[in-house]
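Reviewing the structure listed below.
There are 2 protein chains.
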Amino acid sequence: MSPAGIRTARTTAEPTGAQDRRRLRARDRRALIARMVQTDGAVVVEELARSLDVTPSTIRRDLALLTEQGTIARTYGGAMVAGHTAEPTLGQRSGLAVAEKDRIGRWAAARIAQGDTVILDAGTTTGRLAHHLRGRTELTVITSGLTALRELAEADGIELITLAGTLRQVSQGFVGPLAELTLTRLTADKVFLGADGLDAKLGICEASLQQTALKELMAQRGGQVYVLADSSKLGQSPFTAWAPLTGPWTLVTDSGATDDQLAPFRALPDVDVVTA
Amino acid sequence: MSPAGIRTARTTAEPTGAQDRRRLRARDRRALIARMVQTDGAVVVEELARSLDVTPSTIRRDLALLTEQGTIARTYGGAMVAGHTAEPTLGQRSGLAVAEKDRIGRWAAARIAQGDTVILDAGTTTGRLAHHLRGRTELTVITSGLTALRELAEADGIELITLAGTLRQVSQGFVGPLAELTLTRLTADKVFLGADGLDAKLGICEASLQQTALKELMAQRGGQVYVLADSSKLGQSPFTAWAPLTGPWTLVTDSGATDDQLAPFRALPDVDVVTA
DNA sequence: CAAATACTTGCGTGTTACGCGCAACCATGC
DNA sequence: GCATGGTTGCGCGTAACACGCAAGTATTTG
Chain A
80 MSPAGIRTAR TTAEPTGAQD RRRLRARDRR ALIARMVQTD GAVVVEELAR
130 SLDVTPSTIR RDLALLTEQG TIARTYGGAM VAGHTAEPTL GQRSGLAVAE
180 KDRIGRWAAA RIAQGDTVIL DAGTTTGRLA HHLRGRTELT VITSGLTALR
230 ELAEADGIEL ITLAGTLRQV SQGFVGPLAE LTLTRLTADK VFLGADGLDA
280 KLGICEASLQ QTALKELMAQ RGGQVYVLAD SSKLGQSPFT AWAPLTGPWT
330 LVTDSGATDD QLAPFRALPD VDVVTA
Chain B
80 MSPAGIRTAR TTAEPTGAQD RRRLRARDRR ALIARMVQTD GAVVVEELAR
130 SLDVTPSTIR RDLALLTEQG TIARTYGGAM VAGHTAEPTL GQRSGLAVAE
180 KDRIGRWAAA RIAQGDTVIL DAGTTTGRLA HHLRGRTELT VITSGLTALR
230 ELAEADGIEL ITLAGTLRQV SQGFVGPLAE LTLTRLTADK VFLGADGLDA
280 KLGICEASLQ QTALKELMAQ RGGQVYVLAD SSKLGQSPFT AWAPLTGPWT
330 LVTDSGATDD QLAPFRALPD VDVVTA
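So the protein lines, in turn, are chains A and B.
This note's numbering puts the first residue of the first sequence at 80, with every later residue one more than the last.
This note's numbering puts the first residue of the second sequence at 80, with every later residue one more than the last.
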């Protein structure tokens, strides 16, 4: 840690090894930091100081400069990627009923046992479910959702399988013939589906037939079927594409659901209704 | 300012309208904060405390809770929208030769024309390539890499297709029979492969046969084949699994490569060598 | 209706990170 | 060789943070 020692070492460094010792001062270091933030998403002051061999003070100065420049955004102990100002697609949707979705996801996660293989649909609610699976072991998760993928990408104990397909931006999920092709090679113990709207008779409502087709196939490929839908989705039909639910299934919603909303589902013989 | 006033109002509230009156505290406040962050992009602790009439401590608690949920991201004096950041735990595994990888990626991105369909291998270098494709239009990108997926998930003009498969954590890519199955349904104009090691005679070296098998298939499925490998990979064979390169291909590396490293590749008739 | 329980909030504590000024240092150019 | 501008490390005071405690409130239970 003695600065004198470092400087002595630097001054006595041979000019022969020109490229390996004295590199990375100021400008290059900042560019490197900026790129690291972009790549990793977030960095920590102390780690940067250690790996770049400078004091935290210097790192802070760099971060302040880059923040001024708009390249990055400062956090408490470090920095992260600058906010994409506003994100209309996913941002608005995930902003609503976060707590409800989280509770639903937590309840669903508790239903998954060690050794299980589960299919996770795309969507924010299933993303929360995935979040609560982190740290679990001996689990196989099959998913078509980018949100769940992000949550579990670093989870050690979980075997993560993705479906193929083309990315649908608004729902952040993979759909299409390739996704369906992949599913024909897989089955699971439990299936967790999301929904843009849910009707007791018609089933799950989505914006496109691609999505409903995939959900239908998912339901066929799994043992127990759970539909995760917060109370704002019940009885709604915002779109015109429907995925009927033939076999027995479980509706998981939040305590904000009214009896009027739940009655049609409770009336069905094959449907189990749960409020998380 | 007076909590007594609010509380009086709460106690006098009728039990009939049980759900509509009694909350503006805790739960709803957090939902409100989440929404404010989403709309405004960033908020400040002190301001929130003043406008919501609670102490900064409470706001901090709320922010900590919402951060845990993943709804927002904490900054120094406040909070901001959660850019789709990976966990800070990810660290700087990709800290080596960032500048070189980036230059290689940029050069490769320039080779891709409007209307092209390209296959992107997993890896950090192809991740940089993907980064430089953001903002492009009329492009179809097929990838097995989570890094490239993250880069292009929000890119409007690009049709993004993922291969199926099980996630290989160390390389952040999808491999296995499902990935190969998906590839048999696709072809592309250009293929960009990464490499853990590269030998002029043996081909691409990887840690597992799953990876080499996939790379081999990728090369077959695309027209022009590019291998992106910074100079530290040339002539290296860190593992024992190999993907031979049969057809003509282009090696893209950085200017740090020595003539000794490049000579074996230049000697091959079917190989084009480029330094970015 | 009263007691018990869970939750929330404000305040005080110590800890951590931050920003700024100073002096020494290095790399340029004249 | 000397001067100049940019960089770096260090110490200081300040601001933001995390944690624990106690008081108050809402919800549940008998």
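Built from N, CA and C at the ideal position, the CB exists for glycine as well.
Since this is a predicted model, take the numbers as computed values, not measurements.
Not a single C-beta of chain A is nearer than 8 Å to the C-beta of L208(B). Q340(A) is a Cβ neighbour of L313(A), given a cutoff of 8 Å.
If you draw a 10 Å sphere on the C-beta of V124(A), you find 16 or more other C-beta atoms in it, and that means buried. Straight through space, the alpha carbons of G252(B) and A227(B) are spaced by roughly 9 Å. Leaving aside the five residues that flank L242(A) on each side, the residues in its chain whose CB is nearer than 6 Å to its CB run, in chain order, S223, F253, A258 and T261. Distance from the CA of V116(B) to the CA of L324(B), rounded to the nearest whole angstrom, comes to 51 Å. Pairing K180(B) with V304(B), the inter-Cα distance amounts to about 18 Å. Interface with chain A (8 Å Cβ-Cβ cutoff): I183(B) is excluded.
Counted as a single uninterrupted DSSP element, the stretch harbouring V249(A) is not any beta strand (DSSP E), since DSSP gives it neither H nor E. Only buried fits D309(A), as 16 or more other CB atoms lie within 10 angstroms of its CB. Counting only runs of 3 or more residues that sit fully inside the segment 109-174 of chain A, the beta strand (DSSP E) segments are 121-123, 151-153 and 157-160, in chain order.
At a cut-off of 8 Å between beta-carbon atoms, Y155(B) makes contact with chain A. If the five residues before and after A188(B) are omitted, its C-beta is found closer than 6 Å to the C-beta atoms of L208, H211 and L212, all from its own chain and listed in chain order.
Think of a sphere of 9 Å around the beta carbon of I240(B): the chain A residues whose beta carbon falls inside it are A243, G244, T245, L246, F253, G255 and L257, in chain order.
The closest CA to that of A110(B), considering only T134(B), E126(B) and T146(B), is found on T146(B). Inter-residue distance for R229(B) and T203(B) is about 12 Å (C-alpha atoms, whole angstroms). E238(B) is bridged by DSSP to T219(B).
Exclusion of the five residues before and after R247(B) leaves A201, F253, V254, S287, Q289 and Q290 as the residues of its chain whose Cβ lies within less than 8 Å of its Cβ. Within the same chain, Cβ atoms closer than 7 Å to the Cβ of D333(B) are found at E179, R182, I183, D309, S310, T354 and A355, the five residues on either side in sequence being excluded. A322(B) is bridged by DSSP to I283(B).
Residue state for A267(A) is assigned as strand, using DSSP reduced to three classes. Burial state of R345(B) is exposed, judged by a 10 Å Cβ sphere holding fewer than 16 other Cβ atoms. Within the same chain, and ignoring the five residues on either side of P327(A) in sequence, the residues whose Cβ sits closer than 6 Å to its Cβ are D349.
Around the CB of L281(A), fewer than 16 other CB atoms lie within 10 Å, so the residue is classed as exposed. Minimum Cα-Cα distance from A336(A) among the listed residues L265(A), L239(A) and Q315(A) corresponds to Q315(A). Its chain contains M159 and V160 as the residues whose beta carbon lies nearer than 7 Å to that of G120(A), once the 5 sequence neighbours on both sides are disregarded; these appear in chain order. Using a CB distance below 8 Å, no part of the segment 281-296 of chain A faces chain B. Interface annotation for the segment 132-148 of chain B against chain A: Q148, criterion Cβ-Cβ distance under 7 Å. If you look at D339(A), you'll find it in the alpha helix (DSSP H) that goes D338 to R345.
Per DSSP, L231(A) is one residue of the alpha helix (DSSP H) stretching across L225 to L231.
Going by DSSP, Q303(A) is part of the beta strand (DSSP E) stretching over G301 to L307. Counted as a single uninterrupted DSSP element, the stretch harbouring L212(A) is not any beta strand (DSSP E), since DSSP gives it neither H nor E. Sequence-distant Cβ neighbours of R185(B) in its own chain, meaning closer than 6 Å and more than five residues away, are H211.
In the three-state reduction of the DSSP assignment, G314(B) falls in the coil class, being assigned neither a helical nor a strand state.
When rounded, the separation of the alpha-carbon atoms in Q299(B) and A267(A) is 32 Å. For T261(A), the neighbours in chain B by C-beta distance under 8 Å run, in chain order, A243, L257, L260 and T261.
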